[in-house]
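So the sequence shown is numbered by the UniProt record's numbering: it starts at 1 and just counts up by one. C-beta: ideal position from N, C-alpha, C; glycine also. See structure below.
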Amino acid sequence: MSKVKSSETVKVVIRCRPLNRKEEAAAAFVTRTPGGVGGIVEMDMRLGQVVLRNPRSPPGEPRKAFTFDSVYDPSSKQRDLYDETVRPLIDSVLDGFNGTIFAYGQTGTGKTYTMQGAWLEPERRGVIPNAFEHIFTQISRSAADRQYLVRASYLEIYREEIRDLLDPNVHLRESPEMCHLSDGTLNGCPDSLWSLKIPWRVS
C-alpha cells in the first residue's frame, strides 16, 4: 500500500472486496493489480491509485485514474489494514486527540466485514475489535497511577432511523452537543476487552 502521511488530518482509504459467487459466475467485472490480465478496476497499492477502464471504450481512450491516501485490493488482510491505516489514528486518540473512522459504500461492498469481521478468528477481526484490543492493551501497559474511563455505544443508522444496537428499547433523542442521546443508559463503561466482545461479535 502507499504509506499514509501523518501530517494530514483527513485520509481517504479505498478497499475493494473479492468477487462474490454470483459475480464470479456472471464474470461481470474483474479487479486486478498491475500486470494482471483484463479487468475494469485496476489497483496500484504502491501508488495508492484506482484505475477504471471501460472495456467497451475505443482503443486509445484514456483510463480514469483516482489517487487516494491508501488502497487495498481484494487480497488485503484485516490486520494489515488495521496496522497500516487505523493504528496511527488510535494511537493519536490515546494521546488525547479526537478520531473518527467513517466507512462509506453501497450495500454489499464489505463495510461490515472491514469494520467488524469475526471476533473469534484473529485473521478476520475487523477495525472495531482490533481497536478495542489495541486500546485495552495500551491501558494495561500504562503507569499504575493513571486511570482511564472507556465509554462505548453502538448505534446504527438505517433508512434515516437511528437505532441503539445494544438495547433496541432505548428511546433516542437529539442533543445539540452530542447529536443523539438516549433517555436511558446509552454509553456502557466496559472494564475489559472481554466485556466488549459479546454485543459486537460477528461469526
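Range covered by the alpha helix (DSSP H) that runs through residue i
i, result
"R21", "R21 to A26"
"V51", "First-last for V51: Q49 to L52, but that is the beta strand (DSSP E), not the alpha helix (DSSP H)."
"R17", "Premise fails: R17 is in no alpha helix (DSSP H) and is neither H nor E."
"R79", "Q78 to L81"
Terminal residues of the beta strand (DSSP E) in which residue i lies
i, result
"D44", "V41 to D44"
"Y148", "Neither: Y148 is in no beta strand (DSSP E) and is coded neither H nor E."
"A65", "K64 to T67"
"R141", "Premise fails: R141 lies in the alpha helix (DSSP H), V127 to R141, not in any beta strand (DSSP E)."
Residue i, buried or exposed, once every other Cβ within 10 Å from all chains shown has been counted against 16
i, result
"Q78", "buried"
"R125", "buried"
DSSP-derived helix/strand/coil call for residue i
i, result
"K111", "helix"
"D73", "coil"
"L89", "helix"
"L155", "strand"
"L172", "strand"
"E61", "coil"
"E123", "helix"
Sub-8 angstroms separation of residue i and residue j beta-carbons
i, j, result
"A65", "Q49", "yes"
"S76", "R163", "no"
"L165", "Y158", "no"
"D73", "M45", "yes"
"V71", "M115", "no"
"G117", "P129", "yes"
"L89", "Q138", "no"
"V86", "A152", "no"
C-alpha distance - residue i paired with residue j, whole-angstrom precision
i, j, result
"L149", "I135", "11 angstroms"
"R56", "V170", "52 angstroms"
"V13", "F102", "10 angstroms"
"Q106", "K11", "19 angstroms"
"S92", "V127", "16 angstroms"
"G36", "R63", "Per-residue confidence for G36 stands at a pLDDT of 48, beneath the threshold of 50, marking its modelled position as unreliable; the derived number appears in the next sentence. Each residue's Cα considered, the two are about 16 angstroms apart."
"T100", "I40", "31 angstroms"
"Y104", "D167", "24 angstroms"
"R17", "T67", "18 angstroms"
"L52", "T9", "27 angstroms"
"L47", "D69", "9 angstroms"
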